[in-house]
Amino acid sequence: MKRIRASCLAYLIEMLCIVDPFTWMPLAVKKIVYFRMHGKLSIRSSSSITYYYSYRYGDDELARLKQVVDTLYADETFIMFNNTSMHDDALRFRSLLD
Numbered sequence: 491m492k493r494i495r496a497s498c499l500a501y502l503i504e505m506l507c508i509v510d511p512f513t514w515m516p517l518a519v520k521k522i523v524y525f526r527m528h529g530k531l532s533i534r535s536s537s538s539i540t541y542y543y544s545y546r547y548g549d550d551e552l553a554r555l556k557q558v559v560d561t562l563y564a565d566e567t568f569i570m571f572n573n574t575s576m577h578d579d580a581l582r583f584r585s586l587l588d
């Protein structure tokens, strides 16, 4: 049993941490970080959390996202915009990286 537990722990340590960095930061720095940008978070109650997928990220938010990425010690960082203006938001964010 201890062997299985150690094996599972080793696997979990290498797993991706998938979060919205404006809501939660990764619990630990991983080799690969994956951020999902769904839009603005709306907490209606302790059991009801939704995102405004129609939200368009502002330039200041994209600059803040770049600051977050720059502070990570990950080997690779992937960011997926999953909102209705995902294409435009991704292009604007990419221009900050160039």
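With the sequence shown counted from 1, adding 490 to any position gets you the numbering used here. Even for Gly, the Cβ is constructed at its ideal location relative to N, Cα and C.
- Under the 10 Å beta carbon count, ILE533 is surrounded by fewer than 16 other beta carbons and is classified as exposed.
- Counting only the Cα atoms, ARG493 lies some 37 Å from ASP560.
- Distance between ILE569 and PHE583, taken at the CA atoms: about 10 Å.
- LEU555 is classed as buried because its beta carbon has at least 16 other beta carbons within 10 Å across all chains shown.
- C-alpha of TYR543 to C-alpha of ASN573: approximately 4 Å in a straight line.
- Cβ-Cβ distances below 8 Å link LEU552 to ASP579, ARG582, PHE583 and LEU586 in the same chain, with the five nearest sequence neighbours on each side left out; the list follows chain order.
- Collapsing the DSSP output to three states places MET527 in a strand.
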